[in-house]
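*Asks:* Take this structure first; my questions come after.
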Amino acid sequence: MTDATQHNLPPGPIIKGKLSRDDIIMRGSMVVIGLYLLITMVFPLYAMLSKSFSTFQFDLSSYEVQVSDETGTTFSNPISLNDLNEQLKVLEDSDMIAGSDGRLGVTQFFPDFSFRSPVKYRIRNTTDEGRFLVGSTLTDSTDWVELDSNTFRRVQLRPVKSIGFGNFQSYFDTPALSNSIKNSVLIATISTIVTVTLAFWFAFALSRSCMRFKGLFRLIAMAPILVPSLLPGIALVYLFGNQGMLKELLFGASIYGPIGIVIGSVFFTFPHAFLIISTALAISDGRLYEAATSLRATPWRTFWTVTIPGARYGLVSAAFVVFNLVITDFGLPKVIGGQFNVLAVDIYKQVIGQQNFEMGAVVSVVLVLPAILAFAIDRFVQSKQVALLSARSVPYQPKPNKKADWILFSYASLIGIFIIGMLAVCQFAALVKFWPYDLSFSLNNYQFDRMDGGGWGAYYNSIKLGLLTAIVGTAIIFFGAYLVEKSNGFRTGRAIFQMFAMLPMAIPGMVLGLAYIFFFNNPANPLHAIYGTMAILVVCTVTHFYTVSHLTATTALQQMDREFESVSASLKQPTLKLFGRVTVPVCLPSILDISIYLFVNAMTTVSAVVFLYSPTTSLASIAVLNMDDAGDIAPAAAMGMMIFYTNAGARIFHLIASRGILSRTQAWRNR
Amino acid sequence: MPFDGSEPYLKIENLWKAFGKFLALKDVSLEIHEGELICFLGPSGCGKTTLLRAIAGLDLQTKGSVHQGGKDVSNLPPSERDFGIVFQSYALFPNLTIEKNVAFGLENTGRSKVEITDRVSELLAMVGLADQSKKYPAQLSGGQQQRIALARAIATNPGLLLLDEPLSALDAKVRVYLRHEIKELQRKLGVTTVMVTHDQEEALAMADRIVVMKDGVIEQVGTPTEIYSTPKTLFVADFIGEMNQIPATAGPSGAVSFGNGTMKSLSHNFPEGHPIIAAIRPEDVIPHGDEAHVLGSDDVVETEENALEVVVSEMEFLGSFWRCRLQHKRFGESELIADFSINAVRRLSLAEGGTMTVELPKNRLMAFERPEAVE
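Same order as they appear, the protein sequences are chains X and C. Numbers given in this note's numbering equal positions in the first sequence, counted from 1, plus 74. Counting from 1, position 12 in the second sequence corresponds to residue -8 in this note's numbering; the numbering is continuous, with no gaps.
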């Protein structure tokens, strides 16, 4: 009879499906959003990468000069500048390295040069590559140019561009720069160990004990997410700085440096680690604990054989997230780092301080590598985590244990005091007239318009940025995620899109910001117009925080019945009608979550936008940075706390609004 | 070419579906007539759902053609085909009320608001849920949700109704009730219907014709009685209903040999001595009393060679009948399973350990190719 193995697909063409109007609309939209990501992320990163490989050098061998006698009529034989330099040893090889705007005067090769002498000079390029300036006129021909001595002193050589590892070479040859790698990795490692340990026990206390005020502690633990990472730095200055309240506790060590960065990093990464670990602990199966009890395992043994294995993916994942946050953070080391150089600040210093964009690009590339590695490992670990969940798991119910509950409560209180304390110090500093000499309260520090940094305008700009990012970003990201999840066929396109959507998480903000300079500040770019506007800040922030939002949207969409689209198509209804009538209303809770996430992050972000703001679009978080830089630490603290209150307010508003909207639109959830 | 009804309504020709290297459908051809209710039946992974999704255009076949109502729809997207579909999950829109769910497909079709409302009420009345129109799907029972999904699928009067395991998420009782309901509704509307199921009872009860599938190939197409009483392959015989399988060799046509004897059977085409499986359904085994051989008795054995004196080794009461395990040296180690009515058991006063005479009627004893793998 029929034997399956004998069958083979007959030759001939494979059936190509005709695309429906919906297919075309959905693919078209996906291409549009894909292009958006291409332009706002891939192209800028490419521009930055190619910048890091372009080196500029003065090539003395491509110039020849002749010098006349006193009469200015008889000239010496032509001699190359390179030969001249070898005779005179004016410049070293290292002096030949230049930036794209480098200029090299030529008179230094003529020791007896005087601009008053009647001696005349001739100079020419020996190759087509050579270029030099006379005043501001560029000469790139190989013809001789004859100049009197007064004009000759205005001759400047221009560097030659080439592609290669030269920038990296000089980066690693400069200890002041390459030491930052060691510093950054060291700081990130220490902070990771400390944060993950503290967060684990905090999450453990909340999920495995019967202590009181769990809700309050959860709230406190999440507070640092609402402030820029600079703020703990400012608090530490007040606590342990040169005139700090608790300076003696450091026993002479300086807070400006690794100690400060680690303490501050623990503060601002704590909520991230706590969230991940408490999720991991929450999915542990209560039946395992019952089994352990019935086998008479000691609590210590249960801890090591049940609790830790259950949470291990969460711990690893938290560790990489924290490592990534610390190593890419710019605000905190900028404020409290002192002379201790780290990669993210190096980028800023190279670009803003020294205008050496190529070197900034090199440091960015160096910074991207560990960040991408940490990101990749984290994704890998998270993909493993899923398998741990089972529908039959029973949530663990802790039993009261007076002693353990008290110990864990005290521990959680210490963490709570640490977090609240840091915020309280900032608020106190903001209200005090002049620390530490005049401790009377005033609102002077809130007169931002009198300080550098953009004043109250910056604050309103931040709110504007937050709202625009939340609205534009949520729309783009959710729709993009819908297209990836629910369109038919087009596998390659969807895979590429998915990859684009995951990439932003691996790109540190500083790197993204710098990449935007290279890409959008290029006059040849038709999108140059958005440079320096609010638009580029919105675009950059949306892209910067794309991945987490995309994942939230994807998770929500995956919980929708896969057949909705099929049913809608069989009923001959446009997919976009289904999207509007069913998908969006059902996913509304997640959509609101995405928007508040984007708003809060737009309010606090410093790293990406620090390269992109203009005087009219300064932001509150940037103002904190700049006021701190200018020594106005108290106003900086005041502005930082304004961000905190705004975000806290937004959170509360979000909570109330969600409740309201949900009760009206999600009636179907109640049986 | 307009559809005139003489042609089959749905014509599937040489359909292939490849998922990478795996072939889910292999050269499947099938004709379905207008107004028929067809069941695709088979174990999971046999390709029945793949075939349904190819008919709907949800997952396009790799090769082959599908004609619906005389029109080639082989490469059309679902939205350009004419069908309504009910999924196992029902896929009801959770945030829309029952009436809005049903009305979903009626919108943007040139119907006025009043027409839509009327049609929705008519449909809800048809499925017996007129009073539930303002509720949300989550507030209904599984069976009610199923009926709403059905109402939504037939709202636009599609030419073809596709049901993908529509009953498998329901309780046994509701399932039996609903399969009657669906059959009734289908008859009333006269809509050509294709239903996918792995439940043979469902297929036997509902289908006009059953398509039995295995490993991407159609094993047999036929009415429920045909499929049940004259299965074409051992797989069909075994998958639908119970079947005794006795390793045997082919005798001359119309006979099979096992143990050291020969029995008369349905005619077959195997050469003499070919290894086969002799098969008979448990309910086809006829019980006779001790007096079966006595002339003039009521219990007359029709075919002397097909009668065996067996030992009843085990009896299991299954409510409406007894399932008995019968031993005879000609079966070797395996036992013959026979279902006897309660009356017969009482009349013959059967008990475990007792002996009795059974007949394997020759027009019920079938011969199938013996699979190579020894079980």
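C-beta atoms are modelled at their ideal positions from N, C-alpha and C, and glycine is treated no differently.
Reducing DSSP to helix, strand and coil, say where X:K125 ends up.
*Replies:* Reduced to three states, the DSSP call for X:K125 is helix.
*Asks:* For chain X, check one thing: does any of its Cβ atoms lie closer than 8 Å to the Cβ of C:R350?
*Replies:* It does not: the Cβ of C:R350 has no partner Cβ on chain X nearer than 8 Å.
*Asks:* Decide if the segment 91 to 108 of chain X is in contact with the segment 555 to 570 of chain X; the criterion is three or more beta carbon pairs, one per stretch, under 8 Å apart.
*Replies:* Yes, they touch.
*Asks:* Determine whether the beta carbon atoms of X:T269 and X:V396 lie at a separation below 8 Å.
*Replies:* Yes, these two residues count as a Cβ contact at 8 Å.
*Asks:* Quick one: is C:E60 near chain X, going by C-beta distance under 8 Å?
*Replies:* By this cut-off, C:E60 is an interface position.
*Asks:* Sorted by chain position, which residues of the same chain lie with C-beta nearer than 8 Å to X:G91's C-beta, five sequence neighbours on each side aside?
*Replies:* Taken in chain order, the residues that qualify are G563.
*Asks:* What are the residues of the segment 81 to 103 of chain C that lie near chain X, defined by any Cβ-Cβ distance shorter than 9 Å?
*Replies:* Going along the segment 81 to 103 of chain C in chain order, one finds F84, G85, L86, E87, N88 and T89 with a Cβ nearer than 9 Å to chain X.
*Asks:* Give the secondary structure of X:Y137 by DSSP, where H, G and I count as helix, E and B as strand, and everything else as coil.
*Replies:* X:Y137 falls in the strand class under three-state DSSP.
*Asks:* What is the DSSP secondary structure of C:N286, reduced to helix, strand or coil?
*Replies:* Here C:N286 sits in helix by DSSP.
*Asks:* Beta carbon of X:I350: closer than 7 Å to some heavy atom of the ligand MN?
*Replies:* In terms of ligand content, the structure shown is empty, and the ligand MN therefore cannot be addressed.
*Asks:* At least one CB of chain X closer than 8 Å to the CB of C:A331: is that the case?
*Replies:* Cβ-Cβ to chain X under 8 Å: no for C:A331.
*Asks:* So, do the segment 623 to 642 of chain X and the segment 584 to 597 of chain X have three or more beta carbon pairs nearer to each other than 8 Å?
*Replies:* No, the segment 623 to 642 of chain X does not touch the segment 584 to 597 of chain X.
*Asks:* So, helix, strand or coil for X:D169, using DSSP?
*Replies:* In the structure shown, X:D169 sits in a helix (DSSP, three-state: H, G or I).
*Asks:* Any beta-carbon of chain X closer than 8 Å to the one on C:I257?
*Replies:* Taking Cβ atoms only, chain X never reaches closer than 8 Å to C:I257, which makes this a no.
*Asks:* Given a cut-off of 8 Å on the beta-carbon distance, is the pair C:V191 and C:L32 in contact?
*Replies:* Going by C-beta atoms, C:V191 is not nearer than 8 Å to C:L32.
*Asks:* In or out: X:Y719 buried (at least 16 other Cβ within 10 Å) or exposed?
*Replies:* X:Y719 should be labelled exposed.
*Asks:* Could you name the residues of the segment 124 to 136 of chain C whose beta carbon sits closer than 8 Å to any beta carbon of chain X, in the order they occur along the chain?
*Replies:* Flagged, chain order: R132, A133, A135 and T136.
*Asks:* Is the CB-CB distance between C:Q119 and C:L21 below 8 Å?
*Replies:* No, the Cβ-Cβ distance between C:Q119 and C:L21 is not below 8 Å.
*Asks:* Does the beta-carbon of X:V390 have 16 or more other beta-carbons within 10 angstroms, so that it is buried, or is it exposed?
*Replies:* X:V390 should be labelled buried.
*Asks:* For my contact list, C:G85 and C:A135 are in at a C-beta cut-off of 8 Å; report their separation, rounded to the angstrom.
*Replies:* Yes, they are in contact, since the Cβ atoms of C:G85 and C:A135 sit about 5 Å apart, within 8 Å.
*Asks:* So is X:L162 buried or exposed if we call it buried at 16+ other beta carbons inside 10 Å?
*Replies:* Answer is exposed; the Cβ neighbour count stays below 16.
*Asks:* For X:T76, which residues from the same chain have a beta carbon less than 8 Å from its beta carbon, with the 5 sequence-adjacent residues on both sides left out?
*Replies:* Reliability fails at X:T76, whose pLDDT of 42 lies under 50, so the model's placement of it is uncertain and no value is given.
*Asks:* I'd like to confirm the pairing. Which residues does DSSP put opposite C:T173 in its beta bridges?
*Replies:* Paired residues: C:L17 and C:L141.
*Asks:* Taking the alpha-carbon of C:L306 as reference, which of C:P262, C:I257 and C:I(-8) has the nearest alpha-carbon?
*Replies:* It is C:P262.
*Asks:* So is X:L293 buried or exposed if we call it buried at 16+ other beta carbons inside 10 Å?
*Replies:* Flag for X:L293 reads exposed.
*Asks:* Apart from the five residues just before and just after C:E400, which ones in its own chain have a Cβ nearer than 7 Å to its Cβ?
*Replies:* Because residue 400 of chain C is not part of the residues shown, which for chain C are -19 to 355, the question remains open.
*Asks:* Taking the straight line between their C-alpha atoms, what separation do you get for X:P233 and X:S191?
*Replies:* Those two C-alpha atoms are separated by around 29 Å.
*Asks:* Where do the N-terminal and C-terminal ends of the beta strand (DSSP E) with X:Y590 fall, by residue?
*Replies:* Per DSSP, X:Y590 belongs to no beta strand (DSSP E); it is in the alpha helix (DSSP H), G583 to F594.
*Asks:* When DSSP labels each residue in this structure, what does X:D512 get in the three-state scheme?
*Replies:* Strand at X:D512.
*Asks:* For chain C, is any of its Cβ atoms less than 8 Å away from the one on X:E637?
*Replies:* Output row for X:E637: interface = yes.
*Asks:* Does the count of Cβ pairs from the segment 113 to 131 of chain X and the segment 23 to 30 of chain C closer than 8 Å reach three?
*Replies:* No, they do not touch.
*Asks:* What residue range does the beta strand (DSSP E) around C:C304 cover?
*Replies:* Its beta strand (DSSP E) spans residues F301 to Q307.
*Asks:* Give the DSSP bridge partners of C:D319, in chain order.
*Replies:* Answer by DSSP bridge pairing, in chain order: C:R303.
*Asks:* Mind listing the chain X neighbours of C:G64? Cutoff is C-beta to C-beta under 7 Å, in chain order.
*Replies:* Going along chain X in sequence order, the residues near C:G64 (Cβ under 7 Å) are S644.
*Asks:* Please report how far the alpha carbon of X:V409 lies from the alpha carbon of X:Q140, in whole angstroms.
*Replies:* Roughly 54 Å separates the two Cα atoms.
*Asks:* Opposite C:P267 in the DSSP bridges: which residues?
*Replies:* Looking at the DSSP assignment, C:P267 forms a beta bridge with C:V338.
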